[in-house]
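Numbering (our numbering), first residue to last: 30 to 158.
Only one structure is covered here, and it is reproduced in the block below.
Right under this line is the structure:
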């Protein structure tokens, strides 16, 4: 999946980073609409053990409105996923979708908004230690 995500390897624990990410997203105008606990879901559904792994569905309402007004099919890519998982070394890894490499690549009419979203998500990752 190289090229479709922004990535940050941290020096902090999964729990510390997971607690920080929603506030960092909020500072960039995003709210967390959904949280999927992949570890718990896999345990419940198929009995599989998996590392700590959460998918946060983040949305900036103003930017979402702009992009949906330009192309209704972009809704299939919303909200923007931000992933926090525990790396093999016990430290948190954070991934965020890079919309400039996904939706903007398919539709130049929304490139400006996709680049704004990417820049905001990159700043979130940049603020994580």
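From the three backbone atoms N, C-alpha and C, an ideal C-beta is built for every residue, glycine too.
Tell me where the alpha helix (DSSP H) around residue i begins and ends.
i: residue 131; result: Run containing residue 131: none; DSSP gives neither H nor E here.
Between residue i and residue j, what straight-line distance do the alpha-carbon atoms span, to the nearest angstrom?
i: residue 151; j: residue 61; result: 16 Å
i: residue 135; j: residue 48; result: 34 Å
i: residue 40; j: residue 117; result: 12 Å
i: residue 126; j: residue 53; result: 16 Å
i: residue 37; j: residue 99; result: 31 Å
i: residue 58; j: residue 156; result: 15 Å
For the beta strand (DSSP E) that contains residue i, what are its first and last residues?
i: residue 125; result: 120-126
i: residue 66; result: 60-66
Quick check on the burial criterion: 16 or more other C-beta atoms within 10 angstroms. Buried or exposed for residue i?
i: residue 137; result: exposed
i: residue 121; result: buried
i: residue 128; result: buried
If you measure from the beta carbon of residue i to each beta carbon in chain C, is any gap under 8 Å?
i: residue 50; result: Protein chain content of the structure displayed is limited to a single chain, and chain C is not contained in it.
Taking the alpha carbon of residue i as the reference point, which residue from the options has its own alpha carbon closest?
i: residue 79; options: 46, 95, 66; result: 66
The stretch 108-126 contacting the stretch 84-98, beta-carbon criterion three pairs below 8 Å: yes
Does the stretch 99-109 come close enough to the stretch 139-151 to have 3 or more Cβ pairs within less than 8 Å? yes
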